[in-house]
Amino acid sequence: MIAGARAGAEGAYQELLAAYGPRLYGYFFRATGSHHDAEDLLGELLLRLVRHLPAYEDRGRFGPWLFSIAANLVRDRIRRSKAAVTPASLEAESGDGASLAEAVAGHDEPVEAGLLREQMRANLAAALESLEERSRQMVLLRHFGQLSYREIAEIFNCPIGTVLARVHRALKVLRAALEDGDESK
Amino acid sequence: MNQSERDYELAGRWLDGEDVELSGAQRALAEEVAAGVERVGEGLDVEVPSGALHRVHVRFVRSRRRRASSSWARRAAAVAAAVVIGAGVLIFTLPGRPVGEAPSPSAFAESFLQETLEDVDVRADLLSEELADYRVELSLHQAWPLEMCFQELEEEMGQFDLGGSGPERDRAEEGQEELPW
Numbered sequence: 000m001i002a003g004a005r006a007g008a009e010g011a012y013q014e015l016l017a018a019y020g021p022r023l024y025g026y027f028f029r030a031t032g033s034h035h036d037a038e039d040l041l042g043e044l045l046l047r048l049v050r051h052l053p054a055y056e057d058r059g060r061f062g063p064w065l066f067s068i069a070a071n072l073v074r075d076r077i078r079r080s081k082a083a084v085t086p087a088s089l090e091a092e093s094g095d096g097a098s099l100a101e102a103v104a105g106h107d108e109p110v111e112a113g114l115l116r117e118q119m120r121a122n123l124a125a126a127l128e129s130l131e132e133r134s135r136q137m138v139l140l141r142h143f144g145q146l147s148y149r150e151i152a153e154i155f156n157c158p159i160g161t162v163l164a165r166v167h168r169a170l171k172v173l174r175a176a177l178e179d180g181d182e183s184k
Numbered sequence: 000m001n002q003s004e005r006d007y008e009l010a011g012r013w014l015d016g017e018d019v020e021l022s023g024a025q026r027a028l029a030e031e032v033a034a035g036v037e038r039v040g041e042g043l044d045v046e047v048p049s050g051a052l053h054r055v056h057v058r059f060v061r062s063r064r065r066r067a068s069s070s071w072a073r074r075a076a077a078v079a080a081a082v083v084i085g086a087g088v089l090i091f092t093l094p095g096r097p098v099g100e101a102p103s104p105s106a107f108a109e110s111f112l113q114e115t116l117e118d119v120d121v122r123a124d125l126l127s128e129e130l131a132d133y134r135v136e137l138s139l140h141q142a143w144p145l146e147m148c149f150q151e152l153e154e155e156m157g158q159f160d161l162g163g164s165g166p167e168r169d170r171a172e173e174g175q176e177e178l179p180w
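For the protein sequence lines, the chains are A and B, in the order given. Following numbering that gives the first Met the number 0, the numbering of the first sequence begins with 0 at its first residue and continues without gaps. Following numbering that gives the first Met the number 0, the numbering of the second sequence begins with 0 at its first residue and continues without gaps.
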């Protein structure tokens, strides 16, 4: 797949998209809070791949390499249009792209359960928004990119202990938000 | 429980799969982080809207084809330019060439290249820069083009101050905050 993409085969890029697209999309959505931006950034990432793939040294860590490019794209996007980046909780979209009412109405589950689930998602998104930018990115890269703590430390140019300390603090905030949602059940 | 930087470092290396020895507290810290990542991760997952990946791929393919065709057009223009320059040089250097005042081959080549390549490139660059500027401006100010026109008119006229200090202007004056990352 990687060799095919290097050779410029369109089918190989489609395979890459199928393999990594959902996780990359999730990362972009959680980092920008917008489905439109997530789609746009995913397209931009593919175009960057065309440029960067020839320089990629295959050491069996293609995913983390891909996510380090994705992290750069997010950083650039935030720098360019910081005022326009809307955290997920302020968007009228839920994680699956529907409004709250659509999300609840569209599922075969009791309305109350749907509302609670959406409430929990909203709590989590608000907590994510409250985090400092670097901590948020570290948590997202760990979850979506499955990067090692050392790889995250390299991206942010800081010691591994600092990464884990930030992730630990961020997770406490996020877990508290999720548990608030659980209690309201 | 207060953890030191060293505790975090060792726990992080252990979570990365390194063979390090942890104290009881360090092990508890590492396990707490691992459980937290798993618990929070379930809530973070996002369902990709239907058709999104397909749209991304279609746009990607189109963009690549457009780039490839514009690259071919540039190459064709360069070859055509080389042929014309070569012909021009031959006309003025071969024995029996027309007598009288004739432009030097280098001047001929320069003017030809300017006409065919540079102008197109410069115009394309200007247009793309202008487009990028508008995109950034729109996203920063969240102002519609009509509002931007009013602002520009206002600035040009100078003597009228219709809007005072609106939110868009305030934002523009604040500038972009530099991220630490």
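Just so you know, even glycine gets a beta-carbon here, dropped at the ideal spot from N, CA and C. Predicted model, so just to flag it, every value in this text is computed and none were measured.
Problem - Closer than 7 Å: A/G32 CB and nearest the ligand FMN heavy atom - result: This structure lacks the ligand FMN; in fact it carries no ligand of any kind.
Exercise for the section: Using alpha carbons as the reference points, say which of A/Y26, A/E38, A/L52, A/G20 lies closest to A/A6. Expected result: Locating residue 6 of chain A in the first sequence gives position 7, counting from the first residue. The option with the nearest alpha carbon to A/A6 is A/L52.
Handout entry: Element boundaries [alpha helix (DSSP H), containing A/L52]
Key = Residue numbering aside, residue 52 of chain A sits at position 53 when the first sequence is read from its first letter. First-last for A/L52: undefined, no H or E at that position.
Handout entry: Beta carbon proximity, A/A102 to chain B, threshold 8 Å
Key = For the purposes of this step, residue 102 of chain A is identified with residue 103 of the first sequence, where counting begins at 1. Residue placement at A/A102 is flagged as unreliable, the pLDDT there being 46, under the threshold of 50; the coordinate-derived value follows with that caveat. Not an interface residue.
Problem - contact_flag[the stretch 30-43 of chain B, the stretch 58-68 of chain B] where n(CB pairs < 8 Å) is 3 or more - result: no
Problem - Straight-line Cα distance separating B/Y7 from A/Q136 - result: Here residue 136 of chain A refers to the residue found at position 137 when the first sequence is read from its first residue. Here residue 7 of chain B refers to the residue found at position 8 when the second sequence is read from its first residue. So the two alpha carbons sit approximately 18 Å from each other.
Practice task
State yes or no: is the beta carbon of A/F28 nearer than 8 Å to at least one beta carbon in chain B?
Solution key: Here the question's residue 28 of chain A lines up with position 29 in the first sequence. True, the Cβ-Cβ gap to chain B drops below 8 Å.
Practice task
Kindly indicate if chain B contains any beta-carbon less than 8 Å away from that of A/I1.
Solution key: Looking up residue 1 of chain A in the first sequence gives position 2. No, because no Cβ of chain B sits closer than 8 Å to the Cβ of A/I1.
Handout entry: Cβ separation of A/F27 and A/L16, assumed to be a contact under 8 Å, to the nearest whole Å
Key = Along the first sequence, read from residue 1 onward, the residue named residue 27 of chain A stands at position 28. Along the first sequence, read from residue 1 onward, the residue named residue 16 of chain A stands at position 17. The Cβ separation is near 13 Å, so there is no contact.
Handout entry: For A/G7, the first and last residue of its enclosing alpha helix (DSSP H)
Key = Here residue 7 of chain A corresponds to residue number 8 of the first sequence, with the count starting at 1. Unbroken run through A/G7: none, as it is neither H nor E.
Handout entry: Residue-chain proximity (A/E38, chain B), Cβ-Cβ < 8 Å
Key = Within the first sequence, numbered from 1, the residue matching residue 38 of chain A stands at position 39. Yes, because at least one Cβ of chain B sits closer than 8 Å to the Cβ of A/E38.
Exercise for the section: Please state if the CB of A/G25 and the CB of A/Q145 are separated by a distance shorter than 8 Å. Expected result: Locating residue 145 of chain A in the first sequence gives position 146, where the first residue counts as 1. Locating residue 25 of chain A in the first sequence gives position 26, where the first residue counts as 1. No, the pair does not count as a contact, with Cβ atoms beyond the cut-off.
Handout entry: Residue environment, A/T31, which counts as buried when at least 16 other CB atoms sit within 10 Å
Key = Here residue 31 of chain A refers to the residue found at position 32 when the first sequence is read from its first residue. So A/T31 ends up on the buried side.
Practice task
Return the residues of the stretch 56-77 of chain B that lie within a Cβ-Cβ distance of less than 8 Å from chain A, sorted by chain order.
Solution key: H56, R58, F59, V60, S62, R63
Handout entry: B/D15 versus B/A76 - alpha carbon distance
Key = For the purposes of this step, residue 15 of chain B is taken as residue 16 along the second sequence, with counting starting at 1. For the purposes of this step, residue 76 of chain B is taken as residue 77 along the second sequence, with counting starting at 1. Going by the C-alpha atoms only, they are around 54 Å apart.
Exercise for the section: Please classify B/E17: does DSSP put it in a helix, a strand, or coil? Expected result: Along the second sequence, one-based indexing puts residue 17 of chain B at 18. Looking at B/E17 - three-state DSSP - the assignment turns out to be coil, as it is neither helix nor strand.
Handout entry: Proximity winner among A/Y148, A/S67, A/S80, A/R29, relative to B/E46 (alpha-carbon distances)
Key = Working through the second sequence from its first residue, we reach residue 46 of chain B at position 47. Selected option, being the one with the closest Cα: A/R29.
Practice task
Say whether chain B places a C-beta atom closer than 8 Å to the C-beta of A/A33.
Solution key: Position 34 of the first sequence, counting from 1, holds the residue named residue 33 of chain A. For the sequence presented, residue 33 of chain A should be read as Ser rather than Ala. Not an interface residue.
Handout entry: A/R165 versus B/E20: straight-line alpha-carbon distance, rounded
Key = Here residue 165 of chain A corresponds to residue number 166 of the first sequence, with the count starting at 1. Here residue 20 of chain B corresponds to residue number 21 of the second sequence, with the count starting at 1. Cα-Cα distance, rounded: 22 Å.
Problem - Backbone CA spacing between B/R170 and B/G85 [nearest angstrom] - result: Taking the second sequence and counting its residues from 1, the one referred to as residue 170 of chain B is at position 171. Taking the second sequence and counting its residues from 1, the one referred to as residue 85 of chain B is at position 86. The predicted position of B/R170 is uncertain, since its pLDDT is 47 and thus under 50; a value taken from the coordinates is nonetheless stated next. When rounded, the distance between both Cα atoms is 56 Å.
Exercise for the section: Could you check if A/A175 is buried or exposed, using at least 16 other CB atoms within 10 Å of its CB as the buried criterion? Expected result: Residue numbering aside, residue 175 of chain A sits at position 176 when the first sequence is read from its first letter. Looking at its Cβ environment, which holds fewer than 16 other Cβ atoms inside 10 Å, A/A175 is exposed.
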